[in-house]
Amino acid sequence: MEKIDAIILAGGLGTRLRDVVDDRPKVLAQVKNRPFLDFILDALSSWNHVSRVVLAVGYMSERVIEHYGRNRNYPFEIEFSVEKKLLGTGGAIKQALSLTRSKQVIVLNGDSFVEVDLNKLLNSHVTNGQGMTLTMVEVDNASRFGRVVSGSDGKIISFLEKSADSAAGFINAGVYLIERDLFDDVAEDTVVSLERDLMPVFLKRGIYGHKTTGKFIDIGTPDSYGASNSFFEQHRAKQE
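Numbering (this note's numbering), first residue to last: 493 to 732.
Printed below as a string of structure tokens:
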């Protein structure tokens, strides 16, 4: 299998988390005495098919660069795509792609973690032959995230907005496999949101979902961040 490059979106402001994490970017929030981002890098390291990880950094970028610029205990290169101005998730991916080399690129949100078999995700992506495959995971309460609706063939039908409905549902887990040319039409140095601006365009071209039965957590709110220690204790127990 050819090596794949990865992009991790690590530049978010973390506004909702400021009350509990105010001295560092969200990806460096401490979980079990380690930066949250470490757990994502560990997962990519365990997969053993990644040659380069590009950290797309913006807010407090110097803190991330200081930490991971000298932390080379990974089986891949770590590069930094520094936003001179905040570009949004889509703009950050566009800029970071210039530092990647592989035909396919795995893109991950830096403030969430999902247990997913990356070999199966890659196989799904190759099989469906589209520009993007996103990881879907079922959560007990999908109201905070918005739901993803897919057909029996796995093709994404629609993205439903966040709502007060607290029922279970499938959500976008924030791990994507994309063809690197998917962003060719996105202008350089442009503020653009992957979710709001680009997903509707990509949806018309065809996006497929890959469902994982693994567990999911994000650290976007104080409550979800507070649950992260327990989550990773259980995750580690599964790996042993």
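Even glycine gets a Cβ: it sits at the ideal position worked out from N, Cα and C. All of these numbers come straight from a predicted model, not from anything done at the bench.
CA-to-CA distance, residue j to residue i, given in whole angstroms
{"i": "Glu571", "j": "Ser650", "result": "34 Å"}
{"i": "Asn664", "j": "Glu671", "result": "18 Å"}
{"i": "Gly646", "j": "Leu686", "result": "20 Å"}
{"i": "Glu630", "j": "Leu536", "result": "22 Å"}
{"i": "Ala584", "j": "Asn525", "result": "28 Å"}
{"i": "Val574", "j": "Val549", "result": "5 Å"}
{"i": "Glu554", "j": "Ser644", "result": "45 Å"}
{"i": "Ser716", "j": "Ser604", "result": "10 Å"}
{"i": "Phe662", "j": "Ile709", "result": "13 Å"}
{"i": "Lys654", "j": "Arg688", "result": "13 Å"}
{"i": "Gln522", "j": "Arg510", "result": "13 Å"}
{"i": "Val641", "j": "Leu652", "result": "8 Å"}
{"i": "Leu501", "j": "Thr581", "result": "7 Å"}
{"i": "Asp609", "j": "Val513", "result": "30 Å"}
{"i": "Gly718", "j": "Ile711", "result": "8 Å"}
{"i": "Thr704", "j": "Gly666", "result": "12 Å"}
{"i": "Ser635", "j": "Thr713", "result": "14 Å"}
{"i": "Arg562", "j": "Thr507", "result": "27 Å"}
Residue from the options whose Cα sits closest to the Cα of residue i
{"i": "Ile648", "options": "Arg636, Asn620, Phe675, Ala659", "result": "Asn620"}
{"i": "Asp681", "options": "His559, Ser590, Arg516, Ala498", "result": "Ser590"}
{"i": "Ser439", "options": "Asp609, Asp677, Phe531", "result": "The structure shown does not extend to residue 439, since the chain spans only 493 to 732, so no value can be given for it."}
{"i": "Asp657", "options": "Ser642, Arg697, Gly643, Phe637", "result": "Phe637"}
{"i": "Glu569", "options": "His541, Gly712, Gln587, Lys576", "result": "His541"}
{"i": "Ala729", "options": "Val513, Lys595, Glu607, Asp515", "result": "Glu607"}
{"i": "Leu529", "options": "His559, Arg510, Tyr566, Gly602", "result": "Gly602"}
{"i": "Lys595", "options": "Lys612, Met624, Pro567, Asp609", "result": "Met624"}
{"i": "Gln731", "options": "Asp534, Gln522, Asp497, Asp515", "result": "Asp534"}
{"i": "Leu520", "options": "Met691, Val618, Lys577, Tyr560", "result": "Tyr560"}
{"i": "Gln736", "options": "Asn611, Lys696, Gly712", "result": "The displayed coordinates of the chain run from 493 to 732. Any statement about residue 736 would go beyond what the structure contains."}
{"i": "Lys577", "options": "Gly504, Leu690, Ile711, Val512", "result": "Gly504"}
{"i": "Met493", "options": "Ala660, Asn611, Asp632", "result": "Asn611"}
{"i": "Val618", "options": "Ile699, Arg639, Arg564", "result": "Ile699"}
{"i": "Arg593", "options": "Arg544, Val556, Ala659, Asn633", "result": "Arg544"}
{"i": "Val556", "options": "Pro527, Arg639, His727", "result": "Pro527"}
{"i": "Ile499", "options": "Asp632, Ala679, Ala588", "result": "Ala588"}
{"i": "Asp632", "options": "Ala659, Val546, Ser616, Leu626", "result": "Ala659"}
{"i": "Trp539", "options": "Lys495, Leu690, Ser616, Met691", "result": "Lys495"}
Whole-angstrom C-beta distance between residue j and residue i, which should lie under 8 Å
{"i": "Leu669", "j": "Leu614", "result": "6 Å"}
{"i": "Leu579", "j": "Val683", "result": "5 Å"}
{"i": "Met628", "j": "Gly706", "result": "Not confirmed; about 11 Å, so no contact."}
{"i": "Lys586", "j": "Phe724", "result": "Not confirmed; about 31 Å, so no contact."}
{"i": "Tyr566", "j": "Pro517", "result": "Tyr566 to Pro517, Cβ: 19 Å. No contact."}
{"i": "Asp497", "j": "Val597", "result": "5 Å"}
Residues that residue i bridges to, as DSSP identifies them
{"i": "Asn615", "result": "Answer is none; Asn615 lacks a bridge partner."}
{"i": "Lys703", "result": "Met628"}
{"i": "Ala535", "result": "Paired residues: none, contrary to the question."}
{"i": "Ile499", "result": "Val546, Val599"}
{"i": "Pro527", "result": "Gln522"}
{"i": "Phe708", "result": "Val606"}
Residue-level contact to chain D via CB, residue i, 8 Å cutoff
{"i": "Gly712", "result": "Chain labels in this structure do not include chain D; a single protein chain is all it has."}
Alpha helix (DSSP H) runs wholly inside the segment 538-606, at least 4 long, in chain order = Those alpha helix (DSSP H) runs which fall completely within the segment 538-606 and span 4+ residues are 553-561, 580-589.
Can you list, in chain order, the stretches of the alpha helix (DSSP H) that have 4 or more residues and sit fully within the segment 640-697?
-> List check, alpha helix (DSSP H) in window: 691-697.
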